Amino acid sequence: MATISAAASGTFSIGGDLEVTRLGYGAMRITGDGIWGPPADHDRAVSVLRRLPELGVDFIDTANSYGPYVSEELIREALLADDGTYSGVVVATKAGLTRTGPEEWHPVGRPAYLRQEAILSRQRLGVERIDLFQLHRIDPDTPQADQFAELRRLQEEGVVRHLGLSEVTVDEIKAAQEVFTVATVQNLYNLNHRKAEDVLEYCEQEGIGFIPWFPLAAGKLAEPGGPVAEIARAHDATTGQVALAWLLARSPVMLPIPGTGSVEHLEENVAAADLQLTEAEIETLDAASSR
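Listed below in structure tokens is the structure:
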């Protein structure tokens with residue numbers, strides 16, 4: 001039986017000095033329904049997290065709002081070693097969305113709040129410094145410059161190592177770059193949703209890691225007879241594996257983070273790192289996918 005490993009996806013250096021395997025893991029789905037409260041099966045969630053390093057996955061993306069707090073706490077329980085490190089696993093987290101209930105998300109970017117959540121995330125994760133801290137959303141009710149300035153202060157004080165943004169435009173990235181070095185950008189992007197194409201291209205130009213959230217979505221392309229389904233059948237693969245393989249082939253700065261609460265599904269996702277699409281298949285998917 002072939003060994004499943006994310007290593008075949010290659011590597012990317014976040015901020016130029018933090019090397020991670022490109023196929024990572026999104027830790028949103030290890031919480032309860034509606035991304036609210038604890039998971040229905042605590043031990044199952046922990047087992048998924050502990051399987052990650054065994055599969056060569058060394059980049060985990062989470063947020064203070066997942067649970068809220070539950071995802072970060074589970075990551076610490078599952079993976080923090082006795083020496084206070086994550087043994088080569090990079091844990092990125094985010095702040096900027098607060099929660100009022102299941103599936104309810106509200107932007108909050110007041111500097112005092114971002115500072116509070118960065119410090120609390122650091123405590124929950126059990127680290128001295130957060131490797132990658134991302135602004136989950138730019139708060140439209142707080143001056144953008146104030147949000148960026150607070151992130152820079154947190155970096156200068158050593159609370160965080162690298163800084164990133166989420167759901168932003170090219171102009172917003174440029175504005176942030178006037179204040180701090182943008183290491184990553186996390187936008188919705190998949191075969192069924194490519195409205196962030198200009199953002200991806202800018203990130204590639206600037207050497208910024210691009211983290212596509214909701215990476216497995218393929219919509220009608222994955223239905224029987226559709227191009228994703230046909231390519232999956234040709235490779236004896238799943239449609240999700242084809243979607244991930246396409247993302248990895250799309251750009252060297254692409255860092256997909258498929259999430260799951262199942263070890264079996266996790267292994268299926270990681271196996272996509274070994275799926276090599278032909279140039280013709282990539283062209284077919286490029287032509288069929290939504291921009």
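If you count the sequence shown from 1, position 138 lands on 138 in UniProt numbering, and the numbers rise without skipping. Glycine included, C-beta positions come from ideal geometry on N, C-alpha and C. Note that the structure is a prediction, hence the values are computed from the model and not measured.
Secondary structure at L125: helix, using DSSP grouped into helix, strand and coil.
Under DSSP, R99 takes part in a beta bridge, and its partners are W105. Under DSSP, E19 shares a beta bridge with S13.
D139 and Q186 have their C-alpha atoms some 16 Å from each other. The criterion of a C-beta distance shorter than 9 Å is satisfied by L255 and L23. Around the beta carbon of D58, a 10 Å sphere encloses 16 or more other beta carbons of the protein chains shown; the residue is thus reported as buried. Per the Cβ contact rule, the segment 247-254 is in contact with the segment 210-217 (3 or more Cβ pairs under 8 Å). For T184, the enclosing beta strand (DSSP E) stretches over residues V182 to L188. Rounded to whole angstroms, I60 and S47 show a C-alpha spacing of 15 Å. Between the C-alpha atoms of A229 and H235 there is a straight-line separation of about 10 Å. Taking 9 Å as the cut-off, the Cβ atoms of A27 and D33 do not count as close. Exclusion of the five residues before and after N192 leaves A217, A218, G219 and S290 as the residues of its chain whose Cβ lies within less than 6 Å of its Cβ. Runs of alpha helix (DSSP H) with 4 or more residues, each lying fully within the segment 137-216, are found at 144-156, 170-177 and 197-206, listed in chain order. Cβ-Cβ separation between R124 and R76: approximately 6 Å, consistent with a contact (criterion under 8 Å).
Taking all protein chains in view, the Cβ of D131 is crowded by 16 or more other Cβ atoms within 10 Å, so the residue is classified as buried.
Note on H42: under 16 other CB atoms within 10 angstroms of its CB, so exposed under the neighbour-count rule. Residue Y202 holds the alpha-carbon nearest to the alpha-carbon of V168 among R161, V159, Y202 and G158. Spanning the alpha carbons of D83 and G126 requires a straight line of approximately 11 Å. For G15, the closest of Q177, A272, F214 and V199 by C-alpha to C-alpha distance is Q177. Only residues of its own chain outside the window of five on either side were considered, and among them E19, V20, T21 and R22 have a CB closer than 7 Å to the CB of T11, listed in chain order. For the 9 Å CB-CB criterion, R44 and S262 form a contact. Residue pairing for M254: DSSP places it in a beta bridge opposite F210.
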